[in-house]
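What follows is a set of notes on a single structure, which appears directly below.
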Amino acid sequence: MHELGDFPREILEISLGYMPSDTLITLLDIPQVETLARRLLYTTIRIGGKFYDRRLLEDDEDDDYDEEDYEDRIKSKYLRVGHRPQIIDGIPVLKSAMEYYHLRKSNPNVRPSKLIFDDVMTAVSIAHTSPEILENTHIELIFTPDFNFSLFCSEYKRAPFTVSSLVNFDPCEENRDLDLFRNVTSYTSTSKRDFKMDMRDLLPRWFPNLKELKIEQQLTLAHIAMLPKQITSLSLYIHLDGTESNGALKLGLPQSLEDLKIKVVNETSNMMHIDISHLQLNSLIIDGCSKFRYGDGGLKWLVPSLRKLSYDASHFMAKPLKHMCPQLLELNVGSINGESSVPGNYLNNLPSSLVALMVPANAFNYPKMETKKQKFESANLPSNLRKLELTGRPYGNDGAYIDFEMNKLCNLTTLSIIDVPEISICGSLPPSITSLTLHSVKSFGFNMLQHLHMLRDLEIKRSDKSSSNFNYKLPQSLTSLKISYCDLKAINIDAPKLESLVIDGEEIQSLTKSNFRIPGNLKKLRVSNSKVREILIDFPTTLKELDLSQNSLGIFGRGKKASSFPVGLEILDLSHNNISDEWIRRSNLLELNHLKSLYLGHNRLVYLVPEFLPSSLVALDASNNGVIAFADFDNTPNLEQLDLSFTKLSGFLLQLKGKDKDLPESIKFVSIQGFGLSYEEVEVFYNILAKKPNFEYLNSYEAPIDASMVLGKGAKLSKVGLLGGPGGFISVN
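For the sequence shown, the positions run 1 to 733 when the UniProt record's numbering is used.
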């Protein structure tokens with residue numbers, strides 16, 4: 001078998017270039033490709049953002065989420081400590097400017113093409129102190145609604161740098177002499193901004209290179225006429241109040257557009273025809289459902305020839321898509337607040353060029369109970385489909401009929417059936433399927449899975465609750481399996497090539513050899529939110545990542561041995577488990593000589609004793625515990641990141657003043673936000689950290705050094721403050 005290092009570098013670079021960030025990050029531990037993987041991983045970097053804090057969900061703009069995904073959303077949205085960089089939306093996120101500075105200085109091969117700053121003053125601080133690491137990079141600045149634009153402009157004038165993307169910056173605040181807009185190619189104004197956008201501020205003399213524009217405030221037809229003519233990508237929100245049109249209303253959008261995302265509020269009394277057929281678009285998204293003042297109001301679109309089209313079922317197409325968009329490759333028809341409907345015979349009038357189709361389930365005619373014996377016409381799908389997704393109403397009783405005898409779909413690789421309890425399938429599933437997703441599907445024939453010999457990824461959620469035992473035959477090709485909220489009490493999985501297994505939201509209080517059988521070569525295992533109290537099995541020795549969060553492992557009888565874990569683990573998540581100090585002492589954590597990231601947040605820890613933790617540890621999360629003190633970290637010489645947020649260390653830190661309470665020389669990042677510390681306490685702790693040669697940042701509500709100090713000669717990057725808060729500087733003067 002060939003090793004990665006055996007391939008020519010040119011071939012490796014091309015191959016790795018197609019890999020997602022989640023895959024590239026795993027290659028950082030392979031010496032033969034580590035340098036190349038690191039360079040490709042850090043093509044785009046995000047700096048800043050709020051630190052991991054569940055309370056931040058109160059301000060989350062996305063209110064439409066499933067409670068079952070609560071913890072996942074927190075982990076993916078906010079920063080956590082870890083021995084690897086965290087990936088959010090496919091982009092590696094660094095915590096501070098110092099972390100980015102050290103990354104560039106220690107890895108000359110890393111030359112990102114784009115930097116995204118959640119705190120714009122962090123970018124300014126780098127421009128003042130180390131401008132060379134901003135050169136030849138596209139920079140995106142994200143402003144908060146209450147930001148002090150005058151402060152930014154004054155500091156930017158002293159150390160200007162090239163900006164290519166602005167988010168929520170009020171153009172009225174900019175000093176035109178700064179030339180801030182000269183290189184801006186992308187401008188975004190979201191609903192969170194507190195200023196009203198004036199289209200005249202986007203004139204070419206201010207934004208000569210603007211190509212991408214996103215504006216969420218409602219625009220009128222008069223505003224549209226003022227849009228910059230050179231833009232190629234546009235996202236906007238149009239208000240048609242009182243607009244009357246005899247026939248089709250032709251929107252005067254710039255003819256240079258290639259990609260358009262549009263949301264329309266129609267408050268006229270009649271069906272309106274929107275004509276954008278004069279545009280040569282590549283992709284069109286008609287976003288969200290139309291809002292009608294009158295019951296018979298609506299929108300019928302005349303669209304150009306497209307490659308990608310997305311709209312919801314409140315809109316209507318003036319002609320069959322096979323005539324309007326004969327070269328269409330991707331079609332996504334969404335639902336309206338859970339309700340969805342498409343015209344009859346819709347699927348038989350699609351372009352033959354389609355390779356991806358996402359439609360409401362009712363597009364696939366399903367016989368009602370009283371007519372099931374009647375013969376009905378099957379949909380004739382485009383034969384080149386590679387992706388097919390059917391979506392019904394959440395918690396509804398939608399049904400669908402798919403005829404795979406008439407539609408062979410030999411190229412289909414991805415099939416998703418979501419919220420379609422009554423699914424009827426004629427024939428066998430296409431054997432070419434590599435990814436299958438089943439959410440809220442009750443009548444699916446799970447025995448068909450064994451015949452999908454190319455299937456690699458399988459996800460089952462809230463489906464097949466007829467049995468509490470998952471014991472289906474699975475194809476040997478399967479490498480990733482996710483099962484959640486299926487009311488299972490026993491799991492028996494026979495898939496010899498399975499590498500990743502997720503079990504979430506089940507009811508398995510004890511993991512035993514009789515009720516929990518899994519393949520012996522797993523690399524990643526997650527059994528979370530499943531009421532697990534004891535583990536009576538031996539985990540696979542091949543495991544590298546184990547997530548047992550949101551269970552009850554800390555509940556055990558007096559004298560009973562705590563759980564044992566495989567010694568090869570690199571990542572272990574035990575958060576939300578009612579774990580105590582005694583449980584830690586009784587476990588075999590000290591024997592895990594390869595463990596790098598350990599998560600103990602949201603437990604019952606009182607006194608943090610690192611001597612019971614392995615020396616290999618790089619990142620430790622002990623946040624949201626009742627920790628009142630910690631011992632020396634002599635046993636963790638490799639520790640780089642430590643989270644002590646929302647504990648009870650107030651008072652203890654003052655006792656460290658003048659004492660040799662040592663942290664390892666390797667420490668880089670510590671978070672102590674959220675437990676009422678005074679400036680003096682933070683300063684004592686900061687002074688300890690500042691002596692460490694690799695120290696980068698202390699995350700705290702209270703900063704012991706004035707974060708608004710004027711930059712001067714010899715100024716350095718800030719090493720203390722609240723992540724996601726205003727950036728500051730520490731001056732050596």
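Quick reminder that beta carbons are idealized off the backbone N, C-alpha and C, glycines included.
Since the model is a prediction, treat every value here as computed from it, not as a measurement.
Problem set entry | For P394, the nearest candidate out of P382, S233, E422 and S645 (CA to CA) | E422
For this session: Give me the Cα-Cα distance between Q255 and I276, rounded to the nearest whole angstrom.
Result: 10 Å
Problem set entry | Collapsed DSSP secondary structure at M317 in the structure displayed | strand
Exercise. Does DSSP put H223 in a helix, in a strand, or in coil?
Worked result: helix
Problem set entry | Contacting residues, own chain, Cβ-Cβ under 7 Å from C325 (five flanking each side not counted) | V303, S305, L306, L309 and P351
Exercise. DSSP on T122, reduced to helix/strand/coil?
Worked result: helix
Problem set entry | Residues bridged to K261 (per DSSP) | S235 and I285
For this session: Assign residue 735 to one of three DSSP states: helix, strand, or coil.
Result: An answer regarding residue 735 cannot be provided, because it is not within the stretch 1 to 733 covered by the chain.
Exercise. Among V93, E132, S130 and H138, which has the Cα closest to the Cα of D118?
Worked result: V93
Exercise. Is D573 buried or exposed, if buried means 16 or more other CB atoms sit within 10 Å of its CB?
Worked result: buried
Problem set entry | Range of the contiguous beta strand (DSSP E) that encloses E459 | D457 to K461
Problem set entry | Endpoints, alpha helix (DSSP H) assigned at R586 | D581 to R586
For this session: Count the other CB atoms, across all protein chains shown, that sit within 10 Å of the CB of Q641; report buried if there are 16 or more and exposed otherwise.
Result: buried
Exercise. The beta strand (DSSP E) spanning S480 covers which residue range?
Worked result: S480 to S484
Problem set entry | Rounded C-alpha distance that separates F181 from D398 | 51 Å
For this session: Mark L18 as exposed unless 16 or more other C-beta atoms lie within 10 angstroms of its C-beta, in which case mark it buried.
Result: According to the sequence shown, residue 18 is Tyr rather than Leu. Exposed.
Exercise. For K531, which of Y485, T122, L501 and F695 has the nearest alpha-carbon?
Worked result: Y485
Exercise. When DSSP labels each residue in this structure, what does L272 get in the three-state scheme?
Worked result: Residue identity differs from the one stated: residue 272 is Met in this sequence, not Leu. M272 falls in the strand class under three-state DSSP.
For this session: Give a yes or no on whether the C-beta atoms belonging to L474 and L501 are separated by under 8 Å.
Result: no
For this session: Keeping to the same chain, check which residues put their C-beta closer than 6 Å to that of F316; ignore five residues upstream and five downstream.
Result: K300
For this session: Quick one: give me the first and last residue of the beta strand (DSSP E) that I688 is part of.
Result: Here I688 belongs to no beta strand (DSSP E); instead the alpha helix (DSSP H) covers Y679 to A690.
Exercise. Whose C-alpha, out of S552, I47 and S15, is nearest the C-alpha of R533?
Worked result: S552
Exercise. Roughly how many angstroms lie between the CA atoms of P382 and L409, to the nearest whole one?
Worked result: 8 Å
Exercise. With 16 other CB atoms within 10 Å as the buried threshold, where does D85 fall?
Worked result: A quick correction: the sequence has Pro, not Asp, at residue 85. Buried, because 16 or more other Cβ atoms sit within 10 Å of the Cβ of P85.
For this session: Please report the residue range of the alpha helix (DSSP H) in which A37 lies.
Result: E34 to L41
Exercise. Looking at the structure shown, is K373 part of a helix, part of a strand, or coil, going by DSSP?
Worked result: Confidence is the limiting factor: at K373 the pLDDT is only 44, short of 50, which leaves the residue's position unreliable and the question unanswerable from this model.
For this session: Tell me whether L36 is buried or exposed, calling it buried when 16 or more other Cβ atoms sit within 10 Å of its Cβ.
Result: buried
For this session: Return the bridge partner residues of H439 from the DSSP annotation.
Result: I418 and K461
For this session: Inspect the beta-carbon positions of P171 and D201 and report whether they are closer than 8 Å.
Result: yes
For this session: With distances taken Cα to Cα, identify the nearest neighbour of L284 among D312, A248, S563 and V163.
Result: D312
Problem set entry | Q327 burial status per 10 Å Cβ neighbour count (16 or more: buried) | exposed
For this session: Confirm, please, whether the CB-CB distance from G554 to N521 is below 8 Å.
Result: no
For this session: Mind the definition here: the region 643 to 662 touches the region 674 to 684 only if three or more C-beta pairs lie below 8 Å; say whether that holds.
Result: yes
For this session: Please report the Cβ distance between Y697 and K261, rounded to the nearest whole angstrom; I am assuming they are in contact, meaning their Cβ atoms lie under 8 Å.
Result: Contact doesn't hold; Cβ gap of about 37 Å is too wide.
For this session: Compute the beta-carbon to beta-carbon distance between S467 and D504, rounded to the nearest angstrom, for a pair I have assumed lies under 8 Å.
Result: Not quite, the Cβ-Cβ distance comes to about 18 Å (not below 8 Å), so this is no contact.
Problem set entry | Cβ neighbour criterion (16 or more within 10 Å) applied to V720 | buried
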